[in-house]
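Novice: Sequences listed follow chains D and C, in order. Quick note, in our numbering, the first sequence goes up one by one and the last residue is 258. Quick note, in our numbering, the second sequence goes up one by one and the last residue is 591. Ideal Cβ positions, reconstructed from N, Cα and C, are used throughout, including at glycine.
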Amino acid sequence: MLLEIRDVAMRFGGVVALAGVSFDVGRREICGLIGPNGSGKTTLFNCISGIYRSTAGSIRFDGHLLTGAKRHRMIGYGIGRTFQNLALFRTMSVRENILVGAHHFGRAGFIASALRAPGARAEETSARQRLSTVLDMLELGAVAEHLVASLPFATQKRVELARALISSPQLLLMDEPAGGLNHSEVDQLADLIRAIRDRMAISILLVEHHMNLVMRVSDRVVALEFGSKIADGSPATVQSDPEVIRAYLGGGVHAQAA
Amino acid sequence: MAGTRMLAIMAGLACAVAIAFALSGYHLFQLTMVVTYAIAILGLNIVTGYNGQISLGHGAFYAIGAYVTAILMSNYDVPYWATLPVSALICAAFGFAFGLPALRLGGLYLALTTFALAVALPQLLKYPALEPWTGGVQGIVISKPEAPLGLRLSGDQWLYLFTLAVGAVMFLLAANLLSGRIGRAIRAVRDNPIAAEAMGVDLALLKTRAFAVSALYTGVAGSLGAIAVQFVAPDSFSVFLSITLFVGLVVGGVASISGAIFGAAFIVFVPNLAEQVSKAAAGAVYGVILIGFLYFIPSGFAGMARRILQRMIPQRPAMLVRTEVGVRENGHA
Ligand SMILES: Nc1ncnc2c1ncn2[C@@H]1O[C@H](COP(=O)(O)OP(=O)(O)O)[C@@H](O)[C@H]1O
Ligand SMILES: [Mg+2]
Numbered sequence: 001m002l003l004e005i006r007d008v009a010m011r012f013g014g015v016v017a018l019a020g021v022s023f024d025v026g027r028r029e030i031c032g033l034i035g036p037n038g039s040g041k042t043t044l045f046n047c048i049s050g051i052y053r054s055t056a057g058s059i060r061f062d063g064h065l066l067t068g069a070k071r072h073r074m075i076g077y078g079i080g081r082t083f084q085n086l087a088l089f090r091t092m093s094v095r096e097n098i099l100v101g102a103h104h105f106g107r108a109g110f111i112a113s114a115l116r117a118p119g120a121r122a123e124e125t126s127a128r129q130r131l132s133t134v135l136d137m138l139e140l141g142a143v144a145e146h147l148v149a150s151l152p153f154a155t156q157k158r159v160e161l162a163r164a165l166i167s168s169p170q171l172l173l174m175d176e177p178a179g180g181l182n183h184s185e186v187d188q189l190a191d192l193i194r195a196i197r198d199r200m201a202i203s204i205l206l207v208e209h210h211m212n213l214v215m216r217v218s219d220r221v222v223a224l225e226f227g228s229k230i231a232d233g234s235p236a237t238v239q240s241d242p243e244v245i246r247a248y249l250g251g252g253v254h255a256q257a258a
Numbered sequence: 259m260a261g262t263r264m265l266a267i268m269a270g271l272a273c274a275v276a277i278a279f280a281l282s283g284y285h286l287f288q289l290t291m292v293v294t295y296a297i298a299i300l301g302l303n304i305v306t307g308y309n310g311q312i313s314l315g316h317g318a319f320y321a322i323g324a325y326v327t328a329i330l331m332s333n334y335d336v337p338y339w340a341t342l343p344v345s346a347l348i349c350a351a352f353g354f355a356f357g358l359p360a361l362r363l364g365g366l367y368l369a370l371t372t373f374a375l376a377v378a379l380p381q382l383l384k385y386p387a388l389e390p391w392t393g394g395v396q397g398i399v400i401s402k403p404e405a406p407l408g409l410r411l412s413g414d415q416w417l418y419l420f421t422l423a424v425g426a427v428m429f430l431l432a433a434n435l436l437s438g439r440i441g442r443a444i445r446a447v448r449d450n451p452i453a454a455e456a457m458g459v460d461l462a463l464l465k466t467r468a469f470a471v472s473a474l475y476t477g478v479a480g481s482l483g484a485i486a487v488q489f490v491a492p493d494s495f496s497v498f499l500s501i502t503l504f505v506g507l508v509v510g511g512v513a514s515i516s517g518a519i520f521g522a523a524f525i526v527f528v529p530n531l532a533e534q535v536s537k538a539a540a541g542a543v544y545g546v547i548l549i550g551f552l553y554f555i556p557s558g559f560a561g562m563a564r565r566i567l568q569r570m571i572p573q574r575p576a577m578l579v580r581t582e583v584g585v586r587e588n589g590h591a
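Okay, structure coming up:
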């Protein structure tokens, strides 16, 4: 198993956001994570990527114990992520935003950078090669020099994805990538998510409200409600699980997907 | 585009050198101070403009640099040029040591802590126990550097060209730093610290080092200023200096390298101008000019220059780009 989540709990004062959640994500697996608003999905993401320190439980990733590890080390372990509400560097160009995702490959410090030492230049060259690969993959080449803040929302989301991909993650955490996208864009996103998994041979943990998308791309789906896991299995079994249908009040999963 | 920019920089530098032979005396001294303050403001810009940490006390690092040079020259007979690297190292060390705890505070607390440093430093420089080095209230007088033998330059010309050369190298190094891996990280931390950290940037380390580099720049400027003025005293480095540097930063343009030069020109020339307009109410005139500037060019000189350039150099029309993106939006994989 690549990611092992065991009894992870998180409370904010009196609010129990996660009440002991356990599940695994395998290598090259796309795992959907669903649940009504406030069920703890983003909180779990934040626990995995170290932004929150879980109050109990453990998270292991590829042999490393993540609980307690430094936040800036996560990307080096192979965990890339996108954010539910965009977290881009607003004053920087698309190219520079994505290049920050390659920061952890570099060693050049202040002095080497200021002097443009050969090592620093070599790193910059290899970063640019990685950059051109992801620009092509996400079709961002035409807007590479634009300020991110000046681009449409959907494009900004792709920039965030590119920034995560350039880091060569083994596990990609995607928090509501379809939010704000129109129908045809969601279809393209589904193809893209599968293409990323196939071409880069990585695992993806996907939080999404768009049931259609989750059920189409996921190999497995985990459902949360009030911070607890209520279902875990193939898309078909989770979709018809009575607990899940009840959680998504009246009419269930299918109504939500429409 | 990079070629045009290089050409513009070379042309500007050539003009700056040529001016040394067109002006003399006080005017040359003023230009020397413009270059000096430009380096100081660039230093402040690295930490405040690029890294988003407000410092209201950079005058303190300027003062430390000035005193290091003055003490080395007067007490230890170190040649003026050799004091610069020493001053750089000492100021970087001060910046690092001060930044380590102060940066944990962040935001407005950092602004106040740096302000407190700038308030306290002149008092510290007057402290009797330090008098053998600092000269107490009297300060230190240092001798004016001569042009190296064989160069037929006046002392003022040499000092200006020397300062200009140091400034050119420091601006080049800063431009390299800010455009590369570290520069992107510095700006990323300002724009979104949580995302920057998730991208592998060690926030505490990066901020502290940026603060140290910033102090180094402003400290070297202090050294150059001391050499140009040939005198240091506690009262030359009141909090007003820190605020003046901050004014230069904002007027020149936040997060702009060339803006530091405009900002420096502003803080050197505008007070003189204000005095010429009205001796009695120079402060009020200065205030009015400052407010006028901020009102008419809120993005600073550098922002205005960029807009004018954009108008002069034809660009792809924005609509076309939009449409291209739109087409891509609909047809992307
Ligand atoms: N930083 C926080 N402080 C306090 N409460 C929080 C915080 N983050 C999340 N919560 C609470 O935790 C619960 C789960 O939120 P979240 O993880 O964002 O849900 P989801 O992403 O599934 O919609 C909610 O009740 C939310 O209010
Ligand atoms: Mg959420």
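1) Please determine, among D:Gly106, D:Ala108, D:Ala117 and D:Ala102, the residue with the shortest C-alpha to C-alpha distance to Thr133 of chain D.
2) Could you tell me the boundaries of the beta strand (DSSP E) in which Ile59 of chain D lies?
3) For Thr42 of chain D, verify whether its CB is less than 7 Å away from any heavy atom of ligand 2.
4) Mapping DSSP to helix, strand and coil, what is Val15 of chain D?
5) Let me know if Gly357 of chain C comes out buried or exposed under the rule of 16 or more other beta-carbons within 10 Å of its beta-carbon.
6) With which residues is Ser345 of chain D paired in a DSSP beta bridge?
7) Let me check you understand the geometry: is the CB of Asn37 of chain D closer than 7 Å to at least one non-hydrogen atom of ligand 1?
8) Considering only C-alpha positions, which residue in the set C:Val528, C:Tyr553 and C:Ile555 is nearest to Tyr544 of chain C?
9) Please give me, in chain order, every unbroken run of the alpha helix (DSSP H) with length at least 4 that falls completely inside the region 181 to 240 of chain D.
10) Do Gly438 of chain C and Glu124 of chain D count as a contact pair if the criterion is CB distance below 8 Å?
11) I think Phe354 of chain C touches Leu314 of chain C, with their Cβ atoms under 8 Å apart; what is that distance to the nearest whole Å?
12) Decide yes or no for the touch test of the region 516 to 533 of chain C against the region 494 to 508 of chain C: beta carbon pairs closer than 8 Å, at least 3 of them.
13) Any idea if Gly480 of chain C is buried or exposed, counting beta-carbon neighbours within 10 angstroms, 16 or more meaning buried?
14) Tell me the DSSP bridge mates of Met10 of chain D?
15) Of all the options D:Met1, D:Gln239, D:Val207 and D:Val8, which has the alpha carbon lying nearest to the alpha carbon of Gly50 of chain D?
16) Using a C-beta cutoff of 8 Å, does Val508 of chain C count as contacting chain D?
17) Identify whether His103 of chain D lies in helix, strand or coil by the three-state DSSP scheme.
18) By the DSSP assignment, the alpha helix (DSSP H) with Arg128 of chain D in it spans what residues?
19) Please identify, using Cβ separations under 8 Å, the residues of the region 285 to 318 of chain C that lie next to chain D, in order along the chain.
20) Where DSSP assigns a beta bridge to Phe489 of chain C, which residues make up the other side?
21) Going by the beta-carbon positions, is the gap between Ile5 of chain D and Phe23 of chain D smaller than 8 Å?
22) Indicate the three-state DSSP secondary structure (helix, strand or coil) for Leu66 of chain D in the structure shown.
23) Helix, strand or coil for Leu265 of chain C per DSSP?
24) Answer yes or no: does any C-beta atom of chain C fall closer than 8 Å to that of Ser54 of chain D?
25) For the alpha helix (DSSP H) holding Leu33 of chain D, just list the boundary residues, first then last.
26) Is the beta carbon of Ala446 of chain C less than 8 Å from the beta carbon of Gly511 of chain C?
27) Can you say whether Leu419 of chain C is buried or exposed, counting buried as having 16 or more other CB atoms within 10 angstroms of its CB?
28) On the CB-based measure, 16 or more other CB atoms within 10 Å of its CB, does Gly26 of chain D come out buried or exposed?
29) Only counting the same chain, and skipping five residues up and downstream in sequence, which positions put a Cβ closer than 6 Å to that of Arg246 of chain D?
30) Pull the bridge partners of Leu431 of chain C from the DSSP assignment, please.
31) Determine contact between the region 158 to 172 of chain D and the region 77 to 95 of chain D, defined as no fewer than three beta-carbon pairs at a distance below 8 Å.
Specialist: Reading from the atomic positions:
1) Locating residue 133 of chain D in the first sequence gives position 133, counting from the first residue. Of D:Gly106, D:Ala108, D:Ala117 and D:Ala102, the residue nearest in Cα terms is D:Ala102.
2) For this step, residue 59 of chain D is matched to residue 59 along the first sequence. Here the beta strand (DSSP E) through Ile59 of chain D covers Ala56 to Phe61.
3) The residue you call residue 42 of chain D lines up with position 42 of the first sequence. True, at least one ligand heavy atom lies under 7 Å from that Cβ.
4) Here residue 15 of chain D corresponds to residue number 15 of the first sequence, with the count starting at 1. Residue state for Val15 of chain D is assigned as strand, using DSSP reduced to three classes.
5) For the purposes of this step, residue 357 of chain C is taken as residue 99 along the second sequence, with counting starting at 1. Buried, because 16 or more other Cβ atoms sit within 10 Å of the Cβ of Gly357 of chain C.
6) In the structure as shown, chain D begins at 1 and stops at 258. Residue 345 of chain D is therefore absent and cannot be evaluated.
7) The residue given as residue 37 of chain D occupies position 37 in the first sequence. Checking the Cβ of Asn37 of chain D against ligand 1 gives yes.
8) For this step, residue 544 of chain C is matched to residue 286 along the second sequence. Nearest neighbour of Tyr544 of chain C by Cα position, chosen from C:Val528, C:Tyr553 and C:Ile555, turns out to be C:Val528.
9) Listed in chain order, they are 183 to 200, 211 to 217 and 235 to 239.
10) If you number the first sequence from 1, residue 124 of chain D lands on position 124. If you number the second sequence from 1, residue 438 of chain C lands on position 180. Between Glu124 of chain D and Gly438 of chain C, the C-beta gap is smaller than 8 Å, which places the two residues in contact.
11) Here residue 354 of chain C refers to the residue found at position 96 when the second sequence is read from its first residue. Here residue 314 of chain C refers to the residue found at position 56 when the second sequence is read from its first residue. Actually they do not touch by this definition, with Cβ atoms about 19 Å apart.
12) Touching, yes.
13) Taking the second sequence and counting its residues from 1, the one referred to as residue 480 of chain C is at position 222. Result: buried.
14) Position 10 of the first sequence, counting from 1, holds the residue named residue 10 of chain D. Met10 of chain D pairs with D:Leu18.
15) Position 50 of the first sequence holds residue 50 of chain D. Sorting D:Met1, D:Gln239, D:Val207 and D:Val8 by C-alpha distance to the C-alpha of Gly50 of chain D places D:Val8 at the top.
16) Reading the second sequence from its first residue, position 250 is the one you call residue 508 of chain C. At a cut-off of 8 Å between beta carbons, Val508 of chain C makes no contact with chain D.
17) Here residue 103 of chain D is taken as the residue at index 103 of the first sequence, counted from 1. Note: His103 of chain D maps to helix in three-state DSSP.
18) Stepping through the first sequence from its first residue, residue 128 of chain D is reached at position 128. Arg128 of chain D: member of the alpha helix (DSSP H) spanning Pro118 to Met137, first to last residue.
19) Residues of the region 285 to 318 of chain C whose Cβ lies closer than 8 Å to any Cβ of chain D: none.
20) As a working note, residue 489 of chain C is residue 231 in the second sequence. Phe489 of chain C pairs with C:Val399.
21) Numbered from its first residue, the first sequence carries residue 5 of chain D at position 5. Numbered from its first residue, the first sequence carries residue 23 of chain D at position 23. Yes, the pair counts as a contact, with Cβ atoms nearer than the cut-off.
22) Position 66 of the first sequence, counted from the first residue, corresponds to residue 66 of chain D. When secondary structure is reduced to three states using DSSP, Leu66 of chain D falls in the coil class, being assigned neither helix nor strand.
23) Within the second sequence, the letter at position 7 stands for residue 265 of chain C. Three-state result, Leu265 of chain C: helix.
24) By one-based count along the first sequence, residue 54 of chain D stands at place 54. Not a single C-beta of chain C is nearer than 8 Å to the C-beta of Ser54 of chain D.
25) Counting from one through the first sequence, the residue named residue 33 of chain D turns up at place 33. No alpha helix (DSSP H) contains Leu33 of chain D, which is instead part of the beta strand (DSSP E) from Ile30 to Ile34.
26) In the second sequence, residue 446 of chain C corresponds to position 188, counting from 1. In the second sequence, residue 511 of chain C corresponds to position 253, counting from 1. No; because the gap between Cβ atoms is not below 8 Å, this pair is not in contact.
27) On the second sequence, residue 419 of chain C is found 161 positions in, with the first residue counted as 1. By the 10 Å Cβ count, Leu419 of chain C comes out buried.
28) Against the first sequence, residue 26 of chain D aligns to sequence position 26. Per the 10 Å Cβ criterion, exposed.
29) Locating residue 246 of chain D in the first sequence gives position 246, where the first residue counts as 1. Contacts found: none.
30) Locating residue 431 of chain C in the second sequence gives position 173, where the first residue counts as 1. Answer is none; Leu431 of chain C lacks a bridge partner.
31) Three or more Cβ pairs closer than 8 Å define a contact, and the region 158 to 172 of chain D meets that threshold against the region 77 to 95 of chain D.
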